[in-house]
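Working notes, beginning with the structure itself.
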């Protein structure tokens with residue numbers, strides 16, 4: 001692919017992403033949100049973060065059941081404990097990275 | 001995280017995400033590098049598309065010589081969850097000008113979205129543009145720098161995975177999820193746990209039929225609907241609570 005075509009692809013992907021990011025802000029600014037929608041949205045933070053987390057624990061196989069991502073799951077356990085004990089994002093990240101390095105060093109993945 | 005909503009606090013709050021970004025940025029850059037995408041194109045991609053998983057999808061589809069229309073459609077689908085996040089944040093910034101809203105929306109990511117949701121819990125449900133711009137810009141610049149640096153040095157460290165850095169972003173989401181569950185006191189912890197557990201179960205079932213990125217969107221919408229239904233049922237029959 002030429003750099004010109006690549007640039008066009010990047011610009012179109014950027015435009016699509018930007019519209020997804022900005023349109024809701026414009027809509028919400030212009031209209032009053034109904035109560036049911038606000039109630040729905042109040043569940044979004046926990047739901048979306050749990051979904052992102054679950055995706056990292058699973059491996060997708062087209063046409064079959066997903067399997068467990070063993071090394072991510074093993075490294076996630078100390079990270080969860082670190083989050084509960086420290087309630088600090090930084091500590092959780094550092095413990096998680098160290099746990100993953102250990103999992104790979106021990107060849108458990 | 002405290003109740004300070006200044007620009008300085010925004011920068012301070014976003015710092016832990018730097019580790020995640022550096023880890024993913026490096027991983028992305030290595031993929032881009034091996035796909036023959038140079039540092040300038042990597043920089044443009046990070047500045048214009050600015051979305052971790054979508055950039056992975058974009059790069060792998062480029063490598064597979066997919067048509068531009070298919071690439072744009074995939075990126076749209078992968079990023080569709082951003083509309084949900086924008087919709088969730090927007091009501092808290094309704095009083096700000098349209099320009100402020102558009103600027104904040106333009107740089108909203110999974111990470112700054114989650115940070116803002118955590119922040120709301122300690123600021124009596126208020127957000128300010130100064131805090132948001134600082135957090136967004138911090139994340140934006142770190143991401144751009146991490147991906148370009150990764151593309152430049154990526155070939156020198158073939159085994160970056162050995163250090164576990166690529167897990168930083170997963171650990172960050174674990175921290176953000178747990179903090180959200182304990183600090184959002186509009187619901188009991190057990191209710192949050194119920195929603196999170198339902199969504200994770202849904203993810204497993206959905207990923208039988210669709211790739212993870214699409215499943216994230218569907219599971220989130222279903223999870224929110226189930227959460228609403230459960231809350232509604234409990235209001236109808238409080239004695240069974």
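Protein chains in written order, with my numbering: chain A, 1 to 109; chain B, 1 to 241.
Using N, Cα and C, we set each Cβ at its ideal position, and we do this for glycine too.
Cβ neighbours of residue i in the same chain (closer than 8 angstroms, five flanking residues each side left out)
| i | result |
| --- | --- |
| residue 74 (chain A) | 99, 103, 108 and 109 |
| residue 130 (chain B) | 5, 6, 7 and 10 |
| residue 193 (chain B) | 181 |
| residue 217 (chain B) | 77, 80, 81 and 84 |
Cβ of residue i within 8 angstroms of any chain B Cβ
| i | result |
| --- | --- |
| residue 73 (chain A) | no |
| residue 34 (chain A) | no |
| residue 4 (chain A) | no |
| residue 106 (chain A) | no |
| residue 46 (chain A) | yes |
| residue 18 (chain A) | yes |
| residue 81 (chain A) | no |
Sequence-distant residues of the same chain with beta carbon closer than 6 angstroms to residue i, five excluded per side
| i | result |
| --- | --- |
| residue 134 (chain B) | 7, 10 and 11 |
| residue 14 (chain B) | 135, 138 and 139 |
| residue 215 (chain B) | 203, 206 and 207 |
Same chain, Cβ closer than 7 angstroms to residue i, neighbours up to 5 away in sequence not counted
| i | result |
| --- | --- |
| residue 105 (chain B) | 86 |
| residue 117 (chain B) | 180 |
| residue 32 (chain B) | 42, 59 and 151 |
| residue 72 (chain A) | 56 and 57 |
| residue 132 (chain B) | 10, 104 and 116 |
Inter-residue spacing [alpha-carbon to alpha-carbon] between residue i and residue j
| i | j | result |
| --- | --- | --- |
| residue 69 (chain A) | residue 17 (chain B) | 23 angstroms |
| residue 145 (chain B) | residue 47 (chain A) | 30 angstroms |
| residue 25 (chain B) | residue 143 (chain B) | 6 angstroms |
| residue 78 (chain B) | residue 85 (chain A) | 33 angstroms |
| residue 102 (chain B) | residue 198 (chain B) | 33 angstroms |
| residue 107 (chain B) | residue 230 (chain B) | 34 angstroms |
| residue 241 (chain B) | residue 120 (chain B) | Reliability of the predicted coordinates at residue 241 (chain B) is poor, the pLDDT of 44 falling under 50, and the value obtained from them is presented with this limitation in mind. Each residue's Cα considered, the two are about 28 angstroms apart. |
| residue 50 (chain A) | residue 191 (chain B) | 13 angstroms |
Residue(s) in a DSSP beta bridge with residue i
| i | result |
| --- | --- |
| residue 58 (chain A) | A:68 |
Below-8 angstroms beta-carbon distance, residue i vs any chain A residue
| i | result |
| --- | --- |
| residue 7 (chain B) | no |
| residue 110 (chain B) | yes |
| residue 26 (chain B) | no |
| residue 192 (chain B) | yes |
| residue 22 (chain B) | no |
| residue 126 (chain B) | no |
| residue 48 (chain B) | yes |
| residue 130 (chain B) | no |
| At a cut of 8 angstroms, does the stretch 165-184 of chain B reach the stretch 111-121 of chain B through at least three beta carbon pairs? | yes
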